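These protein sequence lines map, in sequence, to chains A and B.
Heads up: the first sequence begins at 23 in this note's numbering, then just goes up one per residue.
Heads up: the second sequence begins at 23 in this note's numbering, then just goes up one per residue.
There are 2 protein chains.
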Amino acid sequence: MPKSVMNKRLRLKRIGIDTYKENVAFMNSNCCVYRAAGFQAMSKVKVTADSRTILAVLNVVLNNSIVSPGELGVSEQAFQQLGLPEGTRVLVDHPEPPASIDAVRRKISGDVLELEDFYGITRDIVENRYSKMEMAAFLVACVETGLERSEVLSYTRAMAATGQRLDWNEPLVADKHCIGGIPGNRTSMIVVPIVAAYGIPIPKTSSRAITSPAGTADTMEVLAEVNLSPERLRQIVKEEKGCLAWGGTSKLAPVDDILITVERPLGIDAPGQMVASILSKKFAAGSTHLLLDIPLGPTAKVRKRDYAHQLRKIFEYVGDRMGIHLEAMITDGTQPIGRGIGPVLEARDVMDVLRNEKEAPQDLKNKALDLAGRIIEFDPDVRGGQGRDIARQILDSGRALAKMEAIIDAQGRKKEMPALGSMVHEVRSHKDGVVAAIDNYALNRIARLAGAPLDKGAGIYLYKKVGDRVEEGEALYRLYSQFEADFNFAKDFIKKHSAGYLIESSPG
Amino acid sequence: MPKSVMNKRLRLKRIGIDTYKENVAFMNSNCCVYRAAGFQAMSKVKVTADSRTILAVLNVVLNNSIVSPGELGVSEQAFQQLGLPEGTRVLVDHPEPPASIDAVRRKISGDVLELEDFYGITRDIVENRYSKMEMAAFLVACVETGLERSEVLSYTRAMAATGQRLDWNEPLVADKHCIGGIPGNRTSMIVVPIVAAYGIPIPKTSSRAITSPAGTADTMEVLAEVNLSPERLRQIVKEEKGCLAWGGTSKLAPVDDILITVERPLGIDAPGQMVASILSKKFAAGSTHLLLDIPLGPTAKVRKRDYAHQLRKIFEYVGDRMGIHLEAMITDGTQPIGRGIGPVLEARDVMDVLRNEKEAPQDLKNKALDLAGRIIEFDPDVRGGQGRDIARQILDSGRALAKMEAIIDAQGRKKEMPALGSMVHEVRSHKDGVVAAIDNYALNRIARLAGAPLDKGAGIYLYKKVGDRVEEGEALYRLYSQFEADFNFAKDFIKKHSAGYLIESSPG
Numbered sequence: 023m024p025k026s027v028m029n030k031r032l033r034l035k036r037i038g039i040d041t042y043k044e045n046v047a048f049m050n051s052n053c054c055v056y057r058a059a060g061f062q063a064m065s066k067v068k069v070t071a072d073s074r075t076i077l078a079v080l081n082v083v084l085n086n087s088i089v090s091p092g093e094l095g096v097s098e099q100a101f102q103q104l105g106l107p108e109g110t111r112v113l114v115d116h117p118e119p120p121a122s123i124d125a126v127r128r129k130i131s132g133d134v135l136e137l138e139d140f141y142g143i144t145r146d147i148v149e150n151r152y153s154k155m156e157m158a159a160f161l162v163a164c165v166e167t168g169l170e171r172s173e174v175l176s177y178t179r180a181m182a183a184t185g186q187r188l189d190w191n192e193p194l195v196a197d198k199h200c201i202g203g204i205p206g207n208r209t210s211m212i213v214v215p216i217v218a219a220y221g222i223p224i225p226k227t228s229s230r231a232i233t234s235p236a237g238t239a240d241t242m243e244v245l246a247e248v249n250l251s252p253e254r255l256r257q258i259v260k261e262e263k264g265c266l267a268w269g270g271t272s273k274l275a276p277v278d279d280i281l282i283t284v285e286r287p288l289g290i291d292a293p294g295q296m297v298a299s300i301l302s303k304k305f306a307a308g309s310t311h312l313l314l315d316i317p318l319g320p321t322a323k324v325r326k327r328d329y330a331h332q333l334r335k336i337f338e339y340v341g342d343r344m345g346i347h348l349e350a351m352i353t354d355g356t357q358p359i360g361r362g363i364g365p366v367l368e369a370r371d372v373m374d375v376l377r378n379e380k381e382a383p384q385d386l387k388n389k390a391l392d393l394a395g396r397i398i399e400f401d402p403d404v405r406g407g408q409g410r411d412i413a414r415q416i417l418d419s420g421r422a423l424a425k426m427e428a429i430i431d432a433q434g435r436k437k438e439m440p441a442l443g444s445m446v447h448e449v450r451s452h453k454d455g456v457v458a459a460i461d462n463y464a465l466n467r468i469a470r471l472a473g474a475p476l477d478k479g480a481g482i483y484l485y486k487k488v489g490d491r492v493e494e495g496e497a498l499y500r501l502y503s504q505f506e507a508d509f510n511f512a513k514d515f516i517k518k519h520s521a522g523y524l525i526e527s528s529p530g
Numbered sequence: 023m024p025k026s027v028m029n030k031r032l033r034l035k036r037i038g039i040d041t042y043k044e045n046v047a048f049m050n051s052n053c054c055v056y057r058a059a060g061f062q063a064m065s066k067v068k069v070t071a072d073s074r075t076i077l078a079v080l081n082v083v084l085n086n087s088i089v090s091p092g093e094l095g096v097s098e099q100a101f102q103q104l105g106l107p108e109g110t111r112v113l114v115d116h117p118e119p120p121a122s123i124d125a126v127r128r129k130i131s132g133d134v135l136e137l138e139d140f141y142g143i144t145r146d147i148v149e150n151r152y153s154k155m156e157m158a159a160f161l162v163a164c165v166e167t168g169l170e171r172s173e174v175l176s177y178t179r180a181m182a183a184t185g186q187r188l189d190w191n192e193p194l195v196a197d198k199h200c201i202g203g204i205p206g207n208r209t210s211m212i213v214v215p216i217v218a219a220y221g222i223p224i225p226k227t228s229s230r231a232i233t234s235p236a237g238t239a240d241t242m243e244v245l246a247e248v249n250l251s252p253e254r255l256r257q258i259v260k261e262e263k264g265c266l267a268w269g270g271t272s273k274l275a276p277v278d279d280i281l282i283t284v285e286r287p288l289g290i291d292a293p294g295q296m297v298a299s300i301l302s303k304k305f306a307a308g309s310t311h312l313l314l315d316i317p318l319g320p321t322a323k324v325r326k327r328d329y330a331h332q333l334r335k336i337f338e339y340v341g342d343r344m345g346i347h348l349e350a351m352i353t354d355g356t357q358p359i360g361r362g363i364g365p366v367l368e369a370r371d372v373m374d375v376l377r378n379e380k381e382a383p384q385d386l387k388n389k390a391l392d393l394a395g396r397i398i399e400f401d402p403d404v405r406g407g408q409g410r411d412i413a414r415q416i417l418d419s420g421r422a423l424a425k426m427e428a429i430i431d432a433q434g435r436k437k438e439m440p441a442l443g444s445m446v447h448e449v450r451s452h453k454d455g456v457v458a459a460i461d462n463y464a465l466n467r468i469a470r471l472a473g474a475p476l477d478k479g480a481g482i483y484l485y486k487k488v489g490d491r492v493e494e495g496e497a498l499y500r501l502y503s504q505f506e507a508d509f510n511f512a513k514d515f516i517k518k519h520s521a522g523y524l525i526e527s528s529p530g
């Protein structure tokens, strides 16, 4: 008489808790299953009914407030995944560890993994079999020993295979991507309308900010809806040739969206991971041609030219084998691009450039033209070196602005741009001199503390850039915040750590 | 008027959920704080009231079943840590990342860490500032690049410093430790009574099984209480010279007990981690002399003699600098020791040896005498080479048995030994021949699947050891289980993977 198995059947109860990407189950500490099976709180359990199975992290409840001893509570997402009515008898058991954990252990011991290993790992992650702890182990293992080129390629293929692939039925589908790290670097919002106006399809999907005060999706969202269904996105690209959407809902290489929830808090940003993450998304997005922007500078992500070259070569190696024509530009990453840092402030810079305003930041404009020119030269009919002139004509003539307005309308124009943060503070130079350097890292940090990107109107507006003369007491930049706590965090950081500016006394 | 800060004050509510070593907070999705502050479900939040602060993982609740919008629910442990009455107004905020995460990031990029870094990391972990994900990142980073000797020493010092240190007021306090991996290897339960009967204090604290089917604490628990307060432990050692207790409640190097909750599911078992974990505990336990057992064999933890030597040298290096006289024995790890695998079966083997029963496993007896002899030679008055004879006399004379009975009584004798699992299955040889090899790893796995160590009576009893002749159909070992599901897991593993025995046909 298999009594123990009988006892393991509990009544399913729905607990309206959203536990993000991890399922949670609740069991009463007086439940016979908890006592007999030796489950540990915060360990994973397998919940089965009929042919359906989910994994969940076990929370153990010391009284009857949430579940009684005969019940198993499951969080909202877990309840949806099971798809069974409340009261269904479910079996709770120890899960088999995900099969691919063996490959993670081999990676930890320094092995080189094969394509099949990466398929197994990415599949298990997408199917929610990994805890964050297990994902962290995998990610750190990949950072540490580093990944061989062959592994980065396998990993990219495996990541791309976790989702669908878009097919645009076009011979040339362009994309651009910046590896990030430079505040204010919102070139995509200028490049996309120029390239689309030229006639090359450029369905740009972007991430939200991970460690920076604004991603392209955060900034575009100030002007238009960015949360578009795949059908809507396809329609817009068909009509306008370009879009500026958030990539999160597109189900392209979805494993990346899960891993990012672990990479972000751990600050993991390793070359192999970066290449696989970027190229799997681009492959899944159906891109045929990709222009990569690799900013180089002492406070950029890439700080040494050698490393920039090494990174470019891994990108090229994997890109070639995935059938993506890839070019990489190593750009100036010594200071922020433009004047605004934070969604609203960056959106203003972008629109000033597109409108050919006199006060538009020239560095942002020039960089966007360089990039757009290179993409236009993906067109076999364009002579090498002519792309930038074509891009410039499109911008100067107002065609880029018109295209941007059309894209905004197509995606869904926001009624009004959010206001800038109402709390302002000017950070001033403590001496006469010249701005010798601006610390990208510090400014990113300050703008985030001030509330960006969650508060769209929070951020920093730069009055001075490298090479500018300043006088003692003159403002270097202005800080904007929506909430007092954030405002104080940002000001504290400036006081205790750094304002991010190096002023050198001018001789004489 | 700092309205946002006002809004962040929620009413504290106690939620009777035991969430093991991680605090959990519950917030309603309609709570203005959740909406305004941009918290993410399953991310960490800082909860402050008066001068008290805790960190907790945020669960977001989609309805009012657990908390209403103005409340913040906290799990049982978090509530205790805050120590404030329900209804107290608490401030919820984004936490600063633990300061020592920077050191973890440096380790991930391959840096060598300093003593201060390890102090910071271990302190933050003990003070509950790390998530499991962050701990996994730290542990894997240490495995991967490996730790320099100097780092292992720093790490050991830092781990030891997270708890108290016992002082026995004795010139010689002995201990033994086996690095594990060999099923049935329960020598401590024979060595401790012999050494204690000789008169050397040997306050042995052991872990429960991590990846094996039984630890010394699990096995001793079959006979006696092992969960002893530090005061009780001290009293027993004073009276009996020895004890066999669980180390988990002793607050010695407590960071290790936290890290183990991450090492266990990830199967992390790296040399630096092992040395720091073992020696920090031994240092904190006040040991002056330590005998290390390093089993070597093709399916042991240590599979190559070179690696065994390397490991021994790291142990010696750190031991010397921590002021512990350390000797390491590289022992035969080619097959299980004794006949029983699993708490009850191993306890029977041990008691058979102590009782000088004819059927007692001789390999277990001989190994225990070797180890006990070496420890007795820590006594400066014992001539080199005489220790084993002394140990043998103590065992043969029944003094070891008497001491064991006294220790059992002192710790609290169990009324009766748990029964063996009621489901049994004999695994038989598929041909005539000789047992050429036994796979420690497979037998550990099978015994764990069968239910050990949680079901004390589950496990394996070996009829045949390496070198024994077997006939086709003759039983190699017997499997015991308490629960049908476990019984089937174990049988499935044997069928699909391996029974753990290599039988070679005898010539002719």
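Where a beta carbon is used, it is the ideal one built from N, C-alpha and C, also for glycine.
Predicted model, so just to flag it, every value in this text is computed and none were measured.
Relative to the C-alpha of residue i, which candidate in the options has its C-alpha closest?
{"i": "residue 84 (chain B)", "options": "A:98, A:85, A:50, A:386", "result": "A:98"}
{"i": "residue 497 (chain B)", "options": "B:478, B:525, B:475, B:480", "result": "B:525"}
{"i": "residue 396 (chain A)", "options": "A:200, A:277, A:217, A:527", "result": "A:217"}
{"i": "residue 240 (chain A)", "options": "A:476, A:303, A:92, A:471", "result": "A:476"}
{"i": "residue 265 (chain B)", "options": "B:360, B:337, B:195", "result": "B:195"}
{"i": "residue 527 (chain A)", "options": "A:501, A:494, A:101", "result": "A:494"}
{"i": "residue 446 (chain A)", "options": "A:437, A:468, A:411, A:502", "result": "A:502"}
{"i": "residue 151 (chain B)", "options": "B:116, B:34, B:128", "result": "B:116"}
{"i": "residue 451 (chain B)", "options": "B:443, B:460, B:323", "result": "B:460"}
{"i": "residue 114 (chain A)", "options": "A:197, A:486, A:54, A:140", "result": "A:54"}
DSSP state of residue i, grouped into three classes?
{"i": "residue 252 (chain A)", "result": "helix"}
{"i": "residue 592 (chain A)", "result": "Nothing about residue 592 (chain A) can be read from this structure; chain A reaches only from 23 to 530."}
{"i": "residue 528 (chain A)", "result": "coil"}
{"i": "residue 532 (chain A)", "result": "Outside the shown range of chain A, which is 23 to 530, sits residue 532 (chain A), and nothing can be said about it."}
{"i": "residue 316 (chain B)", "result": "strand"}
{"i": "residue 36 (chain B)", "result": "strand"}
{"i": "residue 409 (chain B)", "result": "helix"}
{"i": "residue 359 (chain B)", "result": "coil"}
With a CB to CB cut of under 6 Å and the five nearest residues on each side skipped, what residues in its chain are close to residue i?
{"i": "residue 374 (chain B)", "result": "382"}
{"i": "residue 234 (chain A)", "result": "466"}
{"i": "residue 345 (chain A)", "result": "none"}
Just the chain B side, please: which residues come within less than 9 Å of residue i by C-beta, in chain order?
{"i": "residue 154 (chain A)", "result": "64, 153, 154, 155, 158"}
Going along chain B, which residues have a C-beta under 7 Å from residue i?
{"i": "residue 243 (chain A)", "result": "Ordered by position in chain B, no residue passes the 7 Å Cβ test against residue 243 (chain A), which lies about 14 Å from the chain."}
{"i": "residue 289 (chain A)", "result": "127"}
{"i": "residue 108 (chain A)", "result": "Result: empty, since nearest Cβ-Cβ is about 13 Å, beyond 7 Å."}
Excluding the 5 residues preceding and the 5 following residue i in the sequence, name in chain order all residues of the same chain whose CB lies nearer than 8 Å to its CB.
{"i": "residue 618 (chain A)", "result": "The first residue shown for chain A is 23 and the last is 530, placing residue 618 (chain A) beyond what the model contains."}
{"i": "residue 23 (chain B)", "result": "At residue 23 (chain B) the pLDDT is 30, less than 50, meaning the model places this residue with poor confidence; the figure from the coordinates comes in the next sentence. Cβ within range, chain order: n/a, list empty."}
{"i": "residue 106 (chain A)", "result": "34, 71, 72, 74, 112"}
Name the chain B residues whose beta carbon is nearer than 8 Å to that of residue i?
{"i": "residue 85 (chain A)", "result": "38"}
Find the residues of chain A that neighbour residue i, judging by a C-beta separation of less than 8 Å, and give them in chain order.
{"i": "residue 284 (chain B)", "result": "155"}
Excluding the 5 residues preceding and the 5 following residue i in the sequence, name in chain order all residues of the same chain whose CB lies nearer than 7 Å to its CB.
{"i": "residue 136 (chain A)", "result": "176"}
{"i": "residue 440 (chain A)", "result": "244, 366, 478, 479"}
Ranges of the beta strand (DSSP E) found wholly within the segment 494-522 of chain A, counting only runs of at least 3: Taking only runs of at least 3 residues, the beta strand (DSSP E) segments lying wholly in the segment 494-522 of chain A are 497-503.
3 or more residues per run - each beta strand (DSSP E) lying fully within the segment 207-272 of chain B: Runs of the beta strand (DSSP E) inside the segment 207-272 of chain B: 224-228, 264-268.
Runs of alpha helix (DSSP H) lying entirely within the segment 88-119 of chain A, each at least 4 residues, in chain order: Segments of the alpha helix (DSSP H) lying fully in the segment 88-119 of chain A: 98-104.
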